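For reference, the structure is listed below as structure tokens.
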Amino acid sequence: MLYFNLSHLHLSLLDSHHLPLSNMPSTSRVAKALAVTSAFLGFTAAQSQPAYQTRNLTPDGFWHNRYHALLSMAAYGEYDDTCPVQTFTEAAKLKNFPESTRVPWLVTETWDTPSGCKGFGAVIPEMNKVLLIFRGNYDMEQNLPLEVSSWDELGEGIGATCYNCTVNSYALQGYLEAKEATNNFALTRQAYEGQGLVFSIAGHGLGGMHSLIASADFNYQQICYYSHTYGAPRTFNQRGALWYNARFNGEAGERGVFNNDQYTEFIPATADYAHSGTTFYYWGVNATNSPQPNWTICWPDEVEANGGVMLDACVPQPQAGAGTALQDHYFYFTPVSECGRPSLYNTEVVDDFLEFHSDPANADEPYDYTGTATATTTYYQRPTSTGRSRTTVQWSPSTTDYYYSSSSSSTRRYSSSSSTSYRSQPSGPAGNGGPGSPPS
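Numbering (our numbering), first residue to last: 789 to 1228.
So, in structure tokens, the structure goes:
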């Protein structure tokens, strides 16, 4: 587990392992930057911060994650207007790449499909990247079907590389619609090929599910090696998650969770569903309007060592001074529809967005998957760690307010129907051929 409370760290937006050695930050500079541990989010001083551990994190990992989160929030608004003004400016580009003659912001294409897959492609020189960004769909997320499909349906032979891997059918359908509508995202690929840039994919909510699928697809095509999700529910089964984690390790496969964003748990852990990526838990209210939040990292091997159950430190949970779980869902480094300003936790901007919607995406806890939702598991029960104090959040439909209760141990129960389009076998260790391979 890795805790951070960093301030004023911006070494370079270019991934360090793509930098020439002459451009790498000096050892003393990195050490000095990583030694900064000042608190700036107005969270309780009682939170201890263990020593820094490098693992697979590059010194500029924070900014690497932050920019992907900003783009995922901007996807809900007028990103072609806000992003080149709030964050990706000419001055910012020249600060990192003084010789660059590229325009600082370029949208390559957009898509919007009947199944709720919506987003845009972009070239951002300051990030040294070409990106696909997938936004969520508030209305469609309310009754998200839980049927799963084989990776074979993703096409291009990827299913053969991940034996018995499955994916949420509805999210797959949306992605395939977008892929067809854009001719396999041809304009964004054209902007990437032969340009010396890095390809990256990010998304939020349902868009995070789309981005996971796109990341797997483009990694199989040997194009994408960076993948970021924010507020996204489980999408693959355990075998699919292992395949993903093996190819997007460390910060290259960020799974962002902010405060008490319960939508990340909207689809329960079953034989058909497991979280993918390295969990970055962001927390606090950012009272000083700093661009950097507090964050804790829970690595996949730590989760595996914990019996496959997420460590308590990275489970969505209420934070002092924060808003509702729904408001947390629509704030990742900046409020929904913005592209970097304000960095301050701002519920008014989120509430303005939510004003046009009804029925919160963050259901009550324990979650009840009855009604229009369908799943492959008729009943699932996951006990939390015993002997530890646990804070839960419940939603009051009459007031739309969340109230909190604490208990030393609890059990989450999930009930649902049992219809399915593809039934996966129970997840377990991969075969000798590696993650997702057929058993020997």
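Just so you know, even glycine gets a beta-carbon here, dropped at the ideal spot from N, CA and C. Computed from a predicted model, the values in this text were never measured in an experiment.
Inset, instruction - Compute the Euclidean distance between the alpha carbons of K917 and C953, then round it to the nearest angstrom. - result: 29 Å
Legend entry - Assumed close pair H1016, M861 - CB separation to whole angstroms, cut-off 8 Å: Actually they are not in contact, since the Cβ atoms of H1016 and M861 sit about 12 Å apart, beyond 8 Å.
Legend entry - Expected contact under 8 Å - CB spacing of A959 and I1001 to nearest Å: 6 Å
Legend entry - For S957, the three-state DSSP class (helix, strand or coil): helix
Legend entry - Contacting residues, own chain, Cβ-Cβ under 7 Å from T1135 (five flanking each side not counted): G1111, Q1115
Legend entry - Within 9 Å, strictly: CB atoms of V911 and C1127: no
Legend entry - Whole alpha helix (DSSP H) elements within the stretch 984 to 1048, 4-residue minimum: 994 to 1008, 1026 to 1035
Legend entry - Three-state class that DSSP yields for V1138 in the structure shown: helix
Inset, instruction - Using 10 angstroms around the beta-carbon of E1233, count the other beta-carbons present and answer buried if the total reaches 16, otherwise exposed. - result: Residue 1233 lies beyond the range of the chain shown here (789 to 1228); nothing can be said about it.
Inset, instruction - Starting from E1090, trace the alpha helix (DSSP H) both ways and give me its first and last residue. - result: 1088 to 1093
Inset, instruction - Tell me whether R1178 sits in a helix, a strand or coil according to DSSP, three-state version. - result: Here R1178 scores only 26 on pLDDT, less than 50, and its place in the model should not be relied on; the value that follows carries that caveat. Here R1178 sits in strand by DSSP.
Inset, instruction - Count the other CB atoms, across all protein chains shown, that sit within 10 Å of the CB of F973; report buried if there are 16 or more and exposed otherwise. - result: buried
Legend entry - Simplified DSSP assignment, three categories, for E897: strand
Legend entry - Beta-carbon separation (whole angstroms), P913 vs K881, contact threshold 8 Å: 5 Å
Inset, instruction - Would you please state the rounded distance, in angstroms, between the beta carbons of I946 and Y1008? I believe it to be under 8 Å. - result: 4 Å
Inset, instruction - Would you tell me roughly how many angstroms separate the C-alpha atoms of V895 and C1086, rounded to the nearest one? - result: 33 Å
Inset, instruction - Select from Q1107, V936, Y1120, E941 the residue whose C-alpha is nearest the C-alpha of E965. - result: E941
Inset, instruction - Using only alpha-carbon positions, find the residue among W899, Q1010, A1057, L932 that is nearest to F1036. - result: Q1010
Legend entry - For W851, the first and last residue of its enclosing alpha helix (DSSP H): 849 to 862
Legend entry - Simplified DSSP state of L1231, which is helix, strand or coil: Here the chain has residues from 789 to 1228 only, and residue 1231 is not among them.
Inset, instruction - Go ahead and label P886 buried or exposed: buried means 16 or more other beta carbons lie within 10 angstroms of its beta carbon, across all protein chains shown. - result: exposed
Legend entry - Cβ neighbours of A857 in the same chain (closer than 7 Å, five flanking residues each side left out): Y1018, G1044, Y1120, F1121
Inset, instruction - Starting from the Cα of W939, find the closest Cα among S1003, G1095, Y1013, Q983 and give me that residue. - result: S1003
Legend entry - Three-state class that DSSP yields for Y1133 in the structure shown: coil
Inset, instruction - Using DSSP bridges, identify the partner residues of K917. - result: I912, V986
Legend entry - Buried versus exposed, by CB contacts within 10 Å (16 or more), E897: buried
Inset, instruction - Check each candidate in E929, C905, L859, A1093 and name the one with the smallest Cα separation from I1055. - result: E929
Inset, instruction - Would you mind reading off the limits of the alpha helix (DSSP H) that contains V873? - result: 867 to 874
Inset, instruction - Within its chain, find whatever has a CB closer than 6 Å to the CB of N1033; leave out the 5 residues flanking it on each side and keep chain order. - result: P1088
Inset, instruction - State buried or exposed for N1074, treating a residue as buried only when at least 16 other CB atoms are found within 10 Å of its CB. - result: buried
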